[in-house]
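According to my numbering, the sequence shown is numbered sequentially starting from 288. Every residue, glycine too, gets a C-beta built ideally from N, C-alpha and C.
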Amino acid sequence: MDDIFTKSKSISLPRRILAGHDVLNQLPDVCSEFELKSPATIVTGHTTFSLAGNEIVDYLTDGGYDTHIAEVGEATIENVKKVENIVTETKSRFLVGLGGGSKIDISKMASTELRIPYISIPTSASHDGIASPRASIRGKESPVSIQAKVPLSIIVDTKIIIKAPFRLLASGCADVISNKAALLDWKLAQRLRGEEFSTSAATLSDFAAEAILNNSTAIRPNLEESIWTAIKPIIVSGLSMAIADSSRPTSGAEHMFSHMLDMIAPKMALHGEQCGLGTIVMMYLHGGDWMRIRDCLNSIGAPVTARHLGIPDETIIEALMNAHKVRQDRYTILGDRGLTAAAAERLARITGVIGE
């Protein structure tokens, strides 16, 4: 007798994505379209509020929405609780996350915990979390990202993001490029461990990475068109995680390397920068075109060496040796035992990551 088919899947995706010059003024229309009710709490920081906060307050006020401000710092469980308390006190019906990765992640988690919608309005594009259902919150049980809600809507105004340091955009591009190594890890886990593999999620992830790689020479500082070129792949990369209901399409050994750096050398570089560097070495291990990765990262202006990253060579080696410990439930090219010190140093030297 044939087995009875019982497989099912639920996919949550953003319902409206707006990107381009001066699209922020469409915020009230988005709120009206989805019948969001007043009041709203804007989750932001002091600096990020100065970029577009007053505009958002004015647009929402003109649209008939009362607003409250939750000014927060880093993405910690304490700041998530702070937002939740403000929402409870003000009886806010939805959130607007305005800022970089930390403000968006806080909005995601608060939205998830409170079961209310949120709108993502990034002021920079330093990683692919703009559209993803993953949040990195310090103080939670895991050092890596955790499951959260996708935004109801994403509004990416290139006029705002161009004001952010170009380094942040280069980091976001590097984060998306790292999908190439993550996908090889995922396919390896499918072959060796029988892990479930989503072709649709993998296709989106690879499309995003190739879009950045193929346009790396067009991504330059002080060009709003560069934001336009990069933002679609950055958003699509996040959507691939929503399709897979996992970070697997965009996170493999290169992200584990980055997370290990966060633990042993915190705040020395940006997440995407670290992932880009990790991708160079992991692509070498996979027998992939690591030189193409390195050259495109270099063209964009992302770090390709430990010196450019501002991290000592010995710290890079230590992170490579211990990266496999970050997520032992996620099989990668590093295997179960990781790299020896000699292998890690050799790998880093061959790829030019250390030893300048």
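Express the C-alpha separation of LEU456 and TRP515 in angstroms, rounding to a whole number.
-> Counting from one through the sequence shown, the residue named residue 515 turns up at place 228. Counting from one through the sequence shown, the residue named residue 456 turns up at place 169. Answer to the nearest angstrom: the Cα atoms are 11 Å apart.
Could I get the ranges of all uninterrupted alpha helix (DSSP H) runs contained in the region 360–444, with 4 residues as the minimum, in chain order?
-> The region 360–444 is shown to contain whole alpha helix (DSSP H) runs of 4 or more residues at 364–377 and 388–401, in chain order.
Which of helix, strand or coil does DSSP assign to VAL523?
-> Residue mapping note: residue 523 aligns to position 236 of the sequence shown, counting from 1. Residue state, collapsed to three classes: helix.
Quick one: grab the DSSP three-state call for GLU560.
-> Indexing the sequence shown from 1 puts residue 560 at position 273. Reduced to three states, the DSSP call for GLU560 is helix.
THR335 by DSSP, collapsed to three states: which one?
-> As a working mapping, residue 335 is identified with position 48 in the sequence shown. Reduced to three states, the DSSP call for THR335 is helix.
Start and end of the alpha helix (DSSP H) containing ALA306?
-> The residue given as residue 306 occupies position 19 in the sequence shown. Premise fails: ALA306 lies in the beta strand (DSSP E), 303–307, not in any alpha helix (DSSP H).
C-alpha gap between ILE518 and ASP290, whole angstroms = As a position in the sequence shown, residue 518 is number 231, starting the count at 1. As a position in the sequence shown, residue 290 is number 3, starting the count at 1. For ILE518 and ASP290, the distance between alpha carbons rounds to 44 Å.
Report, in whole angstroms, the separation of the C-beta atoms of ALA489 and PRO536, which I expect to be a contact under 8 Å.
-> By 1-based counting over the sequence shown, the position of residue 489 is 202. By 1-based counting over the sequence shown, the position of residue 536 is 249. At roughly 6 Å, the Cβ-Cβ gap stays under 8 Å, so ALA489 and PRO536 are in contact.
So what's ILE329 in DSSP terms, helix, strand or just coil?
-> Against the sequence shown, residue 329 aligns to sequence position 42. Looking at ILE329 - three-state DSSP - the assignment turns out to be strand.
Just how far apart, CA to CA, sit ALA357 and THR328?
-> Translated into the one-based positions of the sequence shown, residue 357 becomes position 70. Translated into the one-based positions of the sequence shown, residue 328 becomes position 41. The alpha-carbon of ALA357 is positioned some 7 Å away from that of THR328.
Cβ-based neighbour list, ARG655, same chain, cut-off 6 Å, excluding 5 preceding and 5 following | Coverage of the chain is limited to positions 288 through 643, which leaves residue 655 absent and any answer about it impossible.
Run through DSSP, which three-state label would GLU601 get?
-> Within the sequence shown, the letter at position 314 stands for residue 601. Of the three classes helix, strand and coil, the one that applies to GLU601 here is helix, per DSSP.
Could you check if THR619 is buried or exposed, using at least 16 other CB atoms within 10 Å of its CB as the buried criterion?
-> By one-based count along the sequence shown, residue 619 stands at place 332. THR619 is buried by the Cβ-count criterion.
Could you tell me if LEU479 is buried or exposed, where buried requires 16 or more neighbouring beta carbons within 10 angstroms of its beta carbon?
-> Position 192 of the sequence shown holds residue 479. It counts as exposed.
Is the CB-CB distance between THR399 and LYS436 below 7 Å?
-> Here the question's residue 399 lines up with position 112 in the sequence shown. Here the question's residue 436 lines up with position 149 in the sequence shown. Taking 7 Å as the Cβ cut-off, THR399 and LYS436 qualify as a contacting pair.
Is HIS611 near the ligand ATP, going by C-beta to nearest heavy atom under 6 Å?
-> Ligands in the displayed structure: none, and consequently the ligand ATP is not present.
Roughly how many whole angstroms lie between the Cα atoms of TYR405 and ALA630?
-> In the sequence shown, the residue the question calls residue 405 occupies position 118. In the sequence shown, the residue the question calls residue 630 occupies position 343. Distance between the alpha carbons of TYR405 and ALA630 is about 45 Å.
ALA552 - DSSP class collapsed to helix/strand/coil | For the purposes of this step, residue 552 is taken as the residue at position 265 of the sequence shown. Annotated three-state conformation of ALA552 is coil, per DSSP.
Hey, ILE603 and ALA610: beta-carbon distance below 7 Å or not?
-> Against the sequence shown, residue 603 aligns to sequence position 316. Against the sequence shown, residue 610 aligns to sequence position 323. In this structure, ALA610 does not lie closer than 7 Å to ILE603 by Cβ.
DSSP-derived helix/strand/coil call for ALA531 = For the purposes of this step, residue 531 is taken as residue 244 along the sequence shown, with counting starting at 1. Three-state result, ALA531: helix.
Which word fits ALA540, buried or exposed, when buried means at least 16 other C-beta atoms lie within 10 angstroms of its C-beta?
-> Position 253 of the sequence shown holds residue 540. Buried is the call here.
May I have the straight-line CA-CA distance separating GLU612 from GLU560, to the nearest angstrom?
-> Numbered from its first residue, the sequence shown carries residue 612 at position 325. Numbered from its first residue, the sequence shown carries residue 560 at position 273. One detail in the question is off: residue 612 reads as Lys in this sequence, not Glu. Rounded to the nearest angstrom, the two C-alpha atoms are 21 Å apart.
Would you call the region 462–476 and the region 565–585 touching, i.e. three or more CB-CB distances under 8 Å?
-> Yes, they touch.
Buried or exposed: which applies to GLY426, given that a residue is buried once 16 or more other Cβ atoms fall within 10 Å of its Cβ?
-> Walking along the sequence shown from the start, residue 426 turns up at place 139. It is exposed - the Cβ of GLY426 has fewer than 16 other Cβ atoms within 10 Å.
Identify whether ALA469 lies in helix, strand or coil by the three-state DSSP scheme.
-> Within the sequence shown, the letter at position 182 stands for residue 469. Three-state result, ALA469: helix.
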